[in-house]
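Chains as they are written, first to last, in this note's numbering: chain H, 37 to 307; chain E, 18 to 280. We put the CB at the ideal spot given by N, CA and C, even for glycine. Okay, so here's the structure we're looking at.
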Amino acid sequence: MSRLANTLRAYPTLLRIGFSEMLAYRAEMLVWILATTMPLVNLALWHTVAEGGKIGRFGQTELIGYFLSAFIVRQVTGSWVVWEMNQEIRSGRFSMRLLRPIHPLIAYTAENLAAIPLRAALSLPVALIALGLVGGAGFLKDPALVPAVLLAIFGSWLISFLNQALMGCMAFFLESSMSLVYIWTALFYGLSGYFFPLEFLSLKTPRATAILHGLPFYYMLGFPVEVVLGQHDRGEVLRGLGVEYAWVAFLLTLTLVLWRAGIRRWNAYGA
Amino acid sequence: MLGRYVRLLWIQLRTSLTTSMQYRWDFLVEGLMAGVFALLALLPLWVFQSTTRTLEGWTFPEMVVVVGWFTLLKGILDGAVNPALMEVVERIRQGTLDFVLLKPADAQFLVSTTKFVPWKVVDVLTGVLVLAYGFTSLGRWPMPLHVLVALVLLVSSCLVLYSIWILVVSAAFWVVRLDNLAYLFTSLFDFARWPVTVFRGAVQLFFTFVIPIALMTTYPAMALLGKLSPRTGLLAVAGAMLFATLARLVWLKAISKYTSASS
Chain H
37 MSRLANTLRA
47 YPTLLRIGFS
57 EMLAYRAEML
67 VWILATTMPL
77 VNLALWHTVA
87 EGGKIGRFGQ
97 TELIGYFLSA
107 FIVRQVTGSW
117 VVWEMNQEIR
127 SGRFSMRLLR
137 PIHPLIAYTA
147 ENLAAIPLRA
157 ALSLPVALIA
167 LGLVGGAGFL
177 KDPALVPAVL
187 LAIFGSWLIS
197 FLNQALMGCM
207 AFFLESSMSL
217 VYIWTALFYG
227 LSGYFFPLEF
237 LSLKTPRATA
247 ILHGLPFYYM
257 LGFPVEVVLG
267 QHDRGEVLRG
277 LGVEYAWVAF
287 LLTLTLVLWR
297 AGIRRWNAYG
307 A
Chain E
18 MLGRYVRLLW
28 IQLRTSLTTS
38 MQYRWDFLVE
48 GLMAGVFALL
58 ALLPLWVFQS
68 TTRTLEGWTF
78 PEMVVVVGWF
88 TLLKGILDGA
98 VNPALMEVVE
108 RIRQGTLDFV
118 LLKPADAQFL
128 VSTTKFVPWK
138 VVDVLTGVLV
148 LAYGFTSLGR
158 WPMPLHVLVA
168 LVLLVSSCLV
178 LYSIWILVVS
188 AAFWVVRLDN
198 LAYLFTSLFD
208 FARWPVTVFR
218 GAVQLFFTFV
228 IPIALMTTYP
238 AMALLGKLSP
248 RTGLLAVAGA
258 MLFATLARLV
268 WLKAISKYTS
278 ASS
């Protein structure tokens with residue numbers, strides 16, 4: 037119990053340190069944000085396609101709202117813990133983490149969470165300027181759903197963090213788990229709604245959208261974005277959040293199991 | 018003179034090849050991922066096809082040709098242009114560029130050939146496959162003359178990309194930290210996967226003249242499809258030449274200003 041109290045006491049400090057570290061790299065951060073061109077690349081395509089009329093529920097203004105929100109959600113839910121774990125485990129610096137009186141995974145969450153304010157502060161103006169240039173888009177009307185937006189975005193961050201931590205734990209067993217990251221990224225690009233709103237798929241295969249709504253990728257991008265745009269009523273949002281947090285729980289369990297096994301192996305061979 | 022440079026190029030290539038052979042597992046994964054990412058680039062087009070619309074006169078198979086060309090060019094860029102020039106930026110920062118400048122050969126040649134990533138060949142091949150897919154669904158094959166024009170444009174666009182890089186590197190002599198700018202440029206290149214007509218107004222002008230993605234993918238694809246007017250083609254090649262000359266001049270100017278990392 038005292039360990040939990042310790043963690044709680046240390047957490048704000050960890051966040052503050054993380055934030056200062058991010059601040060030191062603010063120029064790099066801005067470049068990373070500007071380099072996230074993929075939503076705009078795809079917006080360009082669909083915006084022109086939609087000149088001929090709406091595609092499903094999406095006309096030109098809805099598409100602008102969709103891809104700009106996707107840009108923001110992508111910015112604030114990103115994490116990089118797998119890179120860090122890979123490096124630290126390979127170089128042996130990881131032992132330092134184990135010496136500290138705080139669970140390394142918790143410390144990683146602090147480092148990654150601390151980036152969110154700066155990322156939001158840098159990316160929101162970019163999106164707002166873009167929004168101003170194209171002249172507005174429709175967003176959600178039901179005020180009761182505002183907390184749901186936050187929950188959906190936080191869940192998206194959790195999925196992305198836990199998944200990366202999971203792949204980071206693989207580095208205890210493999211030489212490098214970066215190839216897994218590539219595969220996950222590819223799946224994310226294809227299945228999350230990063231390239232187009234997932235409902236476009238039902239134009240081709242009606243069942244596809246329903247299947248994708250069961251996978252975690254949709255909850256990393258498509259779902260929070262659609263909630264922001266107010267495309268789901270309360271019931272649908274609740275159901276979506278249910279699936280989203282079920283994935284969070286699943287990934288959390290898996291990460292903890294793999295973490296235990298990994299640490300045992302690390303203590304035997306690595307340190 | 019020329020023979021010496023050909024021999025030098027061969028030596029540099031062989032060094033890169035030997036280095037990359039150490040990581041065979043990476044070769045496999047990278048190759049596989051190249052294929053997957055090319056397929057991913059097709060995904061939006063498949064969805065586009067199901068809307069049964071055309072895009073400013075571009076049909077689905079024609080857009081596949083653009084994506085194919087994009088993949089091919091990206092392979093060349095990531096395999097033969099980017100790695101070497103990334104390396105220079107790093108060397109300028111560390112001060113080890115001096116060793117290159119001491120060598121009795123043209124410095125621009127040496128820095129441009131220091132590093133190749135041979136396994137990007139897989140990307141190039143994937144690009145060719147995507148092109149083949151595009152033409153199969155189009156139901157006809159490009160005429161030899163058109164292929165020739167496209168190849169000339171390929172050389173021009175590589176020249177332009179390379180020149181942009183040389184300009185970036187030259188700038189690094191003055192401002193040192195530039196790997197980020199390079200990164201930004203690479204992500205802008207992603208816009209080249211669609212025909213340039215997707216963009217409107219000022220953005221289209223930007224992508225035609227400032228960052229000429231039109232020259233890089235749209236024009237070669239149009240050439241392959243037999244839709245490119247000779248005048249546009251010639252102008253594109255002339256523009257590329259001009260750009261390369263400019264880059265060379267800026268490089269010479271920059272290198273004469275260079276005073277190592279410590280001084």
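If you compare alpha carbons, which of 190/E, 225/E and 61/E is closest to residue 177/E? Indexing the second sequence from 1 puts residue 177/E at position 160. Ranking 190/E, 225/E and 61/E by Cα distance to residue 177/E puts 225/E first.
Rounded to whole angstroms, how far is the Cβ of residue 170/E from the Cβ of residue 240/E, which I believe are closer than 8 Å? Numbered from its first residue, the second sequence carries residue 170/E at position 153. Numbered from its first residue, the second sequence carries residue 240/E at position 223. 6 Å between Cβ atoms; contact.
Would residue 50/E count as contacting chain H if we go by Cβ distances under 9 Å? Within the second sequence, the letter at position 33 stands for residue 50/E. It does: the Cβ of residue 50/E has a partner Cβ on chain H nearer than 9 Å.
Strictly by DSSP, which residues pair up with residue 72/E? As a position in the second sequence, residue 72/E is number 55, starting the count at 1. DSSP output for residue 72/E lists 75/E as bridge partner(s).
When you compare the region 100 to 110 of chain E with the region 153 to 162 of chain E, are there three or more beta-carbon pairs, one atom per stretch, that lie closer than 8 Å? no
What are the start and end residues of the alpha helix (DSSP H) that includes residue 122/H? For the purposes of this step, residue 122/H is identified with residue 86 of the first sequence, where counting begins at 1. 117 to 127 is the span of the alpha helix (DSSP H), which, as asked, contains residue 122/H.
Between the region 237 to 245 of chain H and the region 78 to 94 of chain E, do at least 3 Cβ pairs fall closer than 8 Å? no
Could you name the residues of the region 234 to 253 of chain H whose beta carbon sits closer than 8 Å to any beta carbon of chain E, in the order they occur along the chain? 236, 237, 239 and 240
Span separating the alpha-carbon of residue 138/E from that of residue 266/H: For the purposes of this step, residue 138/E is taken as residue 121 along the second sequence, with counting starting at 1. For the purposes of this step, residue 266/H is taken as residue 230 along the first sequence, with counting starting at 1. Taking the straight line joining both Cα atoms gives about 45 Å.
Compare the C-beta of residue 226/E against all C-beta atoms of chain H and say whether one is closer than 9 Å. Counted from its first residue, the second sequence places residue 226/E at position 209. No, residue 226/E lies away from the interface with chain H (no Cβ there is under 9 Å from its Cβ).
Excluding sequence positions up to five away, which residues of its chain have a Cβ less than 8 Å from the Cβ of residue 81/H? Working through the first sequence from its first residue, we reach residue 81/H at position 45. Excluding sequence neighbours, residue 81/H sits near nothing in its chain.
Please report the straight-line C-alpha distance between residue 63/H and residue 57/H, rounded to a whole angstrom. On the first sequence, residue 63/H is found 27 positions in, with the first residue counted as 1. On the first sequence, residue 57/H is found 21 positions in, with the first residue counted as 1. Going from the Cα of residue 63/H to the Cα of residue 57/H covers about 12 Å.
Are there three or more Cβ pairs, one per stretch, closer than 8 Å when the region 254 to 269 of chain H is compared with the region 224 to 236 of chain H? yes
Consult DSSP for residue 228/E and reduce its assignment to one of helix, strand or coil. Here residue 228/E refers to the residue found at position 211 of the second sequence. Residue 228/E: coil per DSSP, three-state reduction.
Would you check whether the ligand NAP has a heavy atom nearer than 8 Å to the C-beta of residue 211/H? Judged by which ligands are present, the structure shown has none, so any question about the ligand NAP falls away.
When DSSP builds the beta bridges, which residues end up paired with residue 93/E? For this step, residue 93/E is matched to residue 76 along the second sequence. In DSSP, residue 93/E forms no bridge with anything.
Top-ranked residue by Cα proximity to residue 146/H, from 111/H, 182/H and 193/H: Indexing the first sequence from 1 puts residue 146/H at position 110. Comparing Cα positions, the closest option is 193/H.
At a CB-CB cut-off below 7 Å, which residues of chain E make contact with residue 232/H? Reading the first sequence from its first residue, position 196 is the one you call residue 232/H. Under the 7 Å cutoff, chain E gives 61 and 64.
Output, in chain order, the set of chain H residues within a Cβ distance shorter than 8 Å of residue 197/E. Locating residue 197/E in the second sequence gives position 180, where the first residue counts as 1. What residue 197/E touches in chain H: 63, 64 and 67.
Beta carbon of residue 88/E nearer than 9 Å to that of residue 147/E: Indexing the second sequence from 1 puts residue 88/E at position 71. Indexing the second sequence from 1 puts residue 147/E at position 130. Cβ atoms of residue 88/E and residue 147/E: closer than 9 Å.
Tell me the rounded alpha-carbon separation between residue 66/E and residue 58/E. The residue you call residue 66/E lines up with position 49 of the second sequence. The residue you call residue 58/E lines up with position 41 of the second sequence. Each residue's alpha carbon lies about 14 Å from the other.
Where the region 68 to 102 of chain H meets chain E: residues whose CB sits under 7 Å from a CB there: 70, 71, 73, 74, 77, 78, 80, 81, 84, 85, 88 and 91
Taking the straight line between their C-alpha atoms, what separation do you get for residue 93/H and residue 72/E? Locating residue 93/H in the first sequence gives position 57, where the first residue counts as 1. Locating residue 72/E in the second sequence gives position 55, where the first residue counts as 1. Rounded to whole angstroms, residue 93/H to residue 72/E spans 19 Å at the Cα level.
Would you kindly work out how many angstroms separate the C-alpha atoms of residue 280/E and residue 115/E, rounded to a whole number? The residue you call residue 280/E lines up with position 263 of the second sequence. The residue you call residue 115/E lines up with position 98 of the second sequence. Residue confidence for residue 280/E is low, a pLDDT of 45 falling below 50, so the modelled location carries little weight and cannot support an answer.
Less than 6 Å between C-beta atoms, sequence neighbours within five positions excluded: which residues of the same chain meet that for residue 152/H? In the first sequence, counting from the first residue as 1, residue 152/H sits at position 116. Same-chain partners within the cutoff: 112.
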